[in-house]
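First the structure, in the form of structure tokens, and then the observations on it.
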Amino acid sequence: MDENTKNPTAIKLITDLLAEMSQRAILAEAEVERLKADDSNWYHHWQRKDAEVKELSTKLSAEIAEHQATKEALRKAKEETGNE
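Read in order, the letters of the sequence shown are residues 6 to 89 in our numbering.
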């Protein structure tokens, strides 16, 4: 008998260990891919939010300018009618 047939538990142990190591490697690769996707999603989310903030800031500036113009027009109208 050769060495392999005398000790089948060693072969089974090595096979089981290789299977476990392969499973861990597959899980680690899947985790890396998930983290890459999360990182990309976060960056795109941040870009969208940044664009929204810029858009709202522009709209707010326009609203403030319109408010100031209305306020000035009311002040002038008040002065013209003599009601201060």
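Ideal Cβ positions, reconstructed from N, Cα and C, are used throughout, including at glycine.
Note that the coordinates shown come from a computational prediction; the quantities given were computed from them, not determined experimentally.
How big is the Cα-Cα spacing for residue i and residue j?
i	j	result
I16	A30	21 Å
E84	E77	11 Å
L65	D43	32 Å
E38	E68	45 Å
P13	D21	12 Å
D36	E57	The sequence shown places Glu at residue 36, rather than the Asp named in the question. Answer to the nearest angstrom: the Cα atoms are 31 Å apart.
S45	K59	21 Å
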